[in-house]
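Undergrad:
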Amino acid sequence: METFFFVFISTLAIGTALAMVISKNTVNSALFMVLHMLSVAGFYTLLNAQFLAVIQILVYAGAIMVLFLFVIMLLNLDEDEKVVSKIDFKQLISFTLALVVLAQLLYITGNYAGVLPELTGEPIAAVGTVEAIGDELFTTFLLPFEVTAILLTAAVVGAMLLAQKTSNVIDE
Amino acid sequence: MEILNDLLNYLPAAIVAVGGLVVMMMDGYKAKSRLIYQTTMFFLAGALVIATYDLLYQEVGTLFSDMAASGSTAAFGTFIVVFGTFFTVILTHDYLIGVKHNYPQVYPLLMFCTVGMIVLATANDLVTVFIGLETMSISLYALAGIIRDKQLGVESALKYFILGAFSTGFFLYGIALLYGATGSTNLSEIGAYTDGSMIYWGGVSMLLVAFFFKISAVPFHMWTPDVYTGSPTTITAYMSTASKTAAIVALVLILERALPYAADQITSTMAIIAIMTMVLGNTVAMVQDNVKRMLAYSSIAHVGYLLVGLAAGTDLGFTAVLYYLLAYSLMNIGAFGVVAYYEKNHDVHFNNIESYAGLGYKQPLMGILLSVFLLSLAGIPPLAGFIGKYLVFAAAVEAGLINLVIIGVLASAASAYFYLRVMVYLYFKESKEPVKLMKPLRVYSFSLVVLAVLTLYFGILPAGITELIASYFSGNGLAIVP
């Protein structure tokens, strides 16, 4: 079951990534990217990293993609281009169906050729839980964690430096 | 109290980080620009003193549960980075006032950038390497765009940012693949791996690509001339010395600790890249009329010489590389410092070589200083640049890379042309229009004199420092995993 799930998500991830690059409409591209992020979250769940999966959905698929969409909508969008085309249920159903069939086909061919990865259903003892991550973060990875704080501060100060008015300069 | 002990051994980075935060808050409370500058200098001086102490006495070991290293190369890298920053801040303050872009946010950014460099130079784990590299790069992206009312400044910041982000992707992918192959991000644990699979080689090559980009080796150098020309001159000095030092020290650590298994392949890769870098850097520098752009190509060429030392891959080679980094930092900050002084008196982004005509007699001290730095860059004895090149090429001969050395020496000889060309303009050409040079601030010329004296000192008496560096590799300090 896990192996099929893996193949299914991989198909989804690669397919949406391709669609994102190929699609001409920027909004469509962004929406495909959301779907891609969600499938990556699926990988994390498969790896027993529930915390990462939740964060992936919250931060990437949620916050960052909303920011993307806002920027796209505020910037150059041609008048005649529709922001979102009407949802066509026929298309939606056919997309889902095609995806499932493709994943099944890949699974079967992969199984036949013997190239499928060995996925055991046994969870790696609690690596992805909040406790485990917090424990590692404040012991083993303390230095990178603290330097990340500096990194984020530097990013904010840098943004301020570049965004302020030139008249703020104080000359001695 | 292990953490306290770790922190004590990591004091330079901690001081600079705290200093950066303090300076940032001072800007928030509308402190005078001069006070901000003085506070920055105060913290940097403290860090420099401790970095010097660490350089001489710190014991070799690992800190923060194997995340960072202390002593030997780590202490050496920290010292050069803090030293370079110290002089950069002095020069930058004066330069930015001169070109009327003295934003108070520049100082905290420089400090944060330094923290990133120290973390990079002392890293003992790929995670730390990555975080250090990013802290350094993100600060530099912003610093490159300080003069953003000129087109060149904007171009430089944007190019650096987009290409830099792209190379970060390579770096992360390399780490991921190496982790996949070896099951660890710790350098020594990666070094224990001896089973070359496709994933391993993919990871190694991606990692090297990212590093080649950061140190601007050919063919990953495309961004360098544009970014170096458009950035504020003293920031260019900072980028070309401190950031390259940090990246190369990290590369030395990675090559020595993590990739002894790939040493043969890396030697041949490095040799090819070194030849391309030396030849292209020196040839293109010859036809540049913009002094800043010429120095940018010359910095590419110098990376080529450094790669010769890395290609040798022996202890001798690494020693030579570390010495070269010190010499290169001294003379390059100095050269850019004088260029910044001339530029401040003209116009920003006005560095045509024609405008240097006759400047050598206007302010004799500055003319002499620029000559010293350029001669050292050209590798003329008895200056530090000569000893650096000698050590690097000697190590390569020892390792049997004769062809590489022949090409290197020829390229280096050709480089004398474009360095001396600047001096010809300084002293033997008449200026067409009269240029008025302001007298440089005393602290400005004094710090440049210090750099020049050190260039001369390390050129005449290199024994002390080379023995210090050699002791890092001969002892059991950097134990290579068999």
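Chains as they are written, first to last, in numbering that gives the first Met the number 0: chain A, 0 to 171; chain B, 0 to 481.
For glycine and all other residues, C-beta sits at the position ideal for the given N, C-alpha and C.
As the structure is a prediction and not an experimental result, all values here were calculated from the model.
Going by Cα to Cα distance, which pick from B/Phe-212, B/Tyr-199, B/Val-320 is closest to B/Phe-160?
TA: On the second sequence, residue 160 of chain B is found 161 positions in, with the first residue counted as 1. Selected option, being the one with the closest Cα: B/Phe-212.
Undergrad: On the three-state DSSP scale, how would you describe B/Ser-136?
TA: Walking along the second sequence from the start, residue 136 of chain B turns up at place 137. In this structure, B/Ser-136 counts as helix in the three-state DSSP scheme.
Undergrad: Name the residues in the segment 46-57 of chain A whose C-beta lies less than 7 Å from a C-beta of chain B; which are they?
TA: Against chain B - using a Cβ distance shorter than 7 Å - the segment 46-57 of chain A contributes no residues.
Undergrad: So, is the C-beta of B/Tyr-102 closer than 8 Å to a C-beta in chain A?
TA: Residue mapping note: residue 102 of chain B aligns to position 103 of the second sequence, counting from 1. At least one chain A Cβ lies under 8 Å of B/Tyr-102.
Undergrad: I need the DSSP call for B/Thr-38, collapsed to helix, strand or coil.
TA: For the purposes of this step, residue 38 of chain B is taken as the residue at position 39 of the second sequence. Note: B/Thr-38 maps to helix in three-state DSSP.
Undergrad: Using a beta-carbon distance below 8 Å, is B/Phe-41 in contact with chain A?
TA: Reading the second sequence from its first residue, position 42 is the one you call residue 41 of chain B. No, B/Phe-41 lies away from the interface with chain A (no Cβ there is under 8 Å from its Cβ).
Undergrad: Roughly how many angstroms separate the alpha carbons of B/Phe-219 and B/Met-275, rounded to a whole number?
TA: On the second sequence, position 220 is the one that residue 219 of chain B refers to. On the second sequence, position 276 is the one that residue 275 of chain B refers to. When rounded, the distance between both Cα atoms is 11 Å.
Undergrad: Quick check on this structure: which residue in B/Val-404, B/Gly-407, B/Tyr-322, B/Ala-270 has the alpha carbon closest to the alpha carbon of B/Leu-467?
TA: The residue given as residue 467 of chain B occupies position 468 in the second sequence. When each option's Cα is compared against that of B/Leu-467, the closest is B/Tyr-322.
Undergrad: Counting C-beta neighbours from all protein chains within 10 Å, is the total for B/Pro-481 16 or more, i.e. buried, or is it exposed?
TA: If you number the second sequence from 1, residue 481 of chain B lands on position 482. Summary for B/Pro-481: the model assigns pLDDT 30, below 50, so the residue's position carries little reliability; its value from the coordinates is reported in the next sentence. Looking at its Cβ environment, which holds fewer than 16 other Cβ atoms inside 10 Å, B/Pro-481 is exposed.
Undergrad: What are the boundary residues of the alpha helix (DSSP H) that includes B/Leu-3?
TA: Residue numbering aside, residue 3 of chain B sits at position 4 when the second sequence is read from its first letter. Residues 1-8.
Undergrad: So which residues of chain B does A/Phe-88 contact, with C-beta pairs closer than 9 Å?
TA: Translated into the one-based positions of the first sequence, residue 88 of chain A becomes position 89. What A/Phe-88 touches in chain B: nothing, since even the nearest Cβ is about 38 Å away.
Undergrad: Let me know the secondary structure DSSP gives B/Asp-124 once reduced to three states.
TA: The residue labelled residue 124 of chain B in the question sits at position 125 within the second sequence. Residue state, collapsed to three classes: strand.
Undergrad: Report the option in B/Gly-384, B/Ile-406, B/Leu-436, B/Thr-223 whose CA atom is closest to the CA atom of B/Leu-450.
TA: For the purposes of this step, residue 450 of chain B is taken as residue 451 along the second sequence, with counting starting at 1. Comparing Cα-Cα distances from B/Leu-450 to each of B/Gly-384, B/Ile-406, B/Leu-436, B/Thr-223, the minimum goes to B/Gly-384.
Undergrad: Under a Cβ-count criterion, where at least 16 other Cβ atoms within 10 Å of its own Cβ denotes burial, should B/Ala-435 be classed as buried or exposed?
TA: If you number the second sequence from 1, residue 435 of chain B lands on position 436. Reading off the sequence, residue 435 of chain B comes out as Lys, not Ala. Exposed: under 16 other Cβ atoms inside 10 Å.
Undergrad: Classify B/Glu-255: buried if its beta carbon has 16 or more other beta carbons within 10 angstroms, exposed otherwise.
TA: Reading the second sequence from its first residue, position 256 is the one you call residue 255 of chain B. So B/Glu-255 ends up on the buried side.
Undergrad: On the DSSP bridge assignment, give the partners of B/Ser-69 in chain order.
TA: What you label residue 69 of chain B is simply residue 70 of the second sequence in a count that begins at 1. Answer by DSSP bridge pairing, in chain order: B/Gly-60.
Undergrad: In the DSSP assignment, find the unbroken alpha helix (DSSP H) run with B/Tyr-389 in it and report its ends.
TA: The residue you call residue 389 of chain B lines up with position 390 of the second sequence. 383-397 is the extent of the alpha helix (DSSP H) around B/Tyr-389.
Undergrad: Out of B/Arg-33, B/Leu-139, B/Thr-240, B/Leu-43, which has the shortest C-alpha to C-alpha gap to B/Tyr-327?
TA: Within the second sequence, residue 327 of chain B is the residue found at index 328, counting from 1. When only C-alpha atoms are compared, the closest one is B/Thr-240.
Undergrad: Going along chain A in order, which residues have a C-beta closer than 8 Å to the C-beta of B/Tyr-237?
TA: As a first step, residue 237 of chain B is located in the second sequence; it is residue number 238 there, counting from the start. Under the 8 Å cutoff, chain A gives no residues; its nearest Cβ is about 14 Å from B/Tyr-237.
Undergrad: Just to confirm, are B/Tyr-192 and B/Thr-184 a CB contact at a threshold of 8 Å?
TA: To locate residue 192 of chain B, count along the second sequence from 1; it is residue 193. To locate residue 184 of chain B, count along the second sequence from 1; it is residue 185. Cβ atoms of B/Tyr-192 and B/Thr-184: not closer than 8 Å.
Undergrad: Counting only beta-carbon separations shorter than 8 Å, does A/Leu-74 have a partner in chain B?
TA: Stepping through the first sequence from its first residue, residue 74 of chain A is reached at position 75. Judged by the 8 Å Cβ criterion, A/Leu-74 is not in contact with chain B.
Undergrad: Roughly how many angstroms lie between the CA atoms of B/Gly-195 and B/Pro-259, to the nearest whole one?
TA: Residue 195 of chain B sits at position 196 when you count from the first residue of the second sequence. Residue 259 of chain B sits at position 260 when you count from the first residue of the second sequence. Cα to Cα, the separation comes out at about 12 Å.
Undergrad: Using CA coordinates, which residue listed in B/Thr-235, B/Tyr-304, B/Gly-168 is at the minimum distance from B/Val-217?
TA: Position 218 of the second sequence, counted from the first residue, corresponds to residue 217 of chain B. Measuring from the Cα of B/Val-217, the nearest candidate turns out to be B/Tyr-304.
Undergrad: Got a sec: which bits of the segment 395-417 of chain B sit with their beta carbon under 9 Å from any beta carbon on chain A, in order along the chain?
TA: The segment 395-417 of chain B vs chain A, Cβ under 9 Å: nothing.
Undergrad: What is the DSSP secondary structure of B/Asn-289, counted as helix, strand or coil?
TA: As a working note, residue 289 of chain B is residue 290 in the second sequence. Here B/Asn-289 sits in strand by DSSP.
Undergrad: Grouping DSSP H, G and I as helix and E and B as strand, with all else coil, what is B/Asn-350?
TA: On the second sequence, position 351 is the one that residue 350 of chain B refers to. Here B/Asn-350 sits in coil by DSSP.
Undergrad: Once you ignore the five residues that flank A/Leu-101 on each side, which residues in its own chain have a CB closer than 6 Å to its CB?
TA: Against the first sequence, residue 101 of chain A aligns to sequence position 102. Excluding sequence neighbours, A/Leu-101 sits near Thr-10.
Undergrad: What would DSSP say about B/Asn-101, mapped onto helix, strand or coil?
TA: Reading the second sequence from its first residue, position 102 is the one you call residue 101 of chain B. Coil.
Undergrad: From the DSSP secondary-structure annotation, give me the bridge partner or partners of A/Asn-27.
TA: Along the first sequence, read from residue 1 onward, the residue named residue 27 of chain A stands at position 28. None; A/Asn-27 has no bridge partner.
Undergrad: Rounded to a whole number of angstroms, what is the C-alpha to C-alpha distance between A/Thr-44 and B/Ala-180?
TA: Counting from 1 along the first sequence, the entry for residue 44 of chain A is found at position 45. Counting from 1 along the second sequence, the entry for residue 180 of chain B is found at position 181. Cα to Cα, the separation comes out at about 22 Å.
Undergrad: Leaving out the 5 sequence neighbours to the left and right, which residues in its chain are closer than 7 Å to B/Met-277 when beta-carbon positions are compared?
TA: Residue mapping note: residue 277 of chain B aligns to position 278 of the second sequence, counting from 1. So the list reads Ala-300, Gly-303, Tyr-304, Ile-406, Gly-407, Ala-410, once near-sequence residues are dropped.
Undergrad: My understanding is that B/Leu-132 touches B/Gly-173, with C-beta atoms under 8 Å, so please give their C-beta distance in whole angstroms.
TA: Mapped onto the second sequence, residue 132 of chain B falls at position 133. Mapped onto the second sequence, residue 173 of chain B falls at position 174. Contact doesn't hold; Cβ gap of about 12 Å is too wide.
Undergrad: Run through the DSSP bridge pairs and tell me what B/Asn-281 is partnered with.
TA: By one-based count along the second sequence, residue 281 of chain B stands at place 282. None, per the DSSP bridge assignment.
Undergrad: Determine, for A/Ile-8, whether the minimum Cβ-Cβ distance to residues of chain B falls below 8 Å.
TA: Locating residue 8 of chain A in the first sequence gives position 9, where the first residue counts as 1. No, A/Ile-8 does not count as interfacial toward chain B.
Undergrad: If you drop the 5 nearest sequence neighbours on each side, which residues of the same chain put their C-beta closer than 6 Å to that of B/Met-269?
TA: Against the second sequence, residue 269 of chain B aligns to sequence position 270. Hits under 6 Å: Leu-306, Leu-309, Ala-310.
Undergrad: Distance check for A/Gly-113 and B/Leu-142, CA to CA, integer angstroms please.
TA: Mapped onto the second sequence, residue 142 of chain B falls at position 143. Mapped onto the first sequence, residue 113 of chain A falls at position 114. Straight-line Cα distance between these residues: approximately 53 Å.
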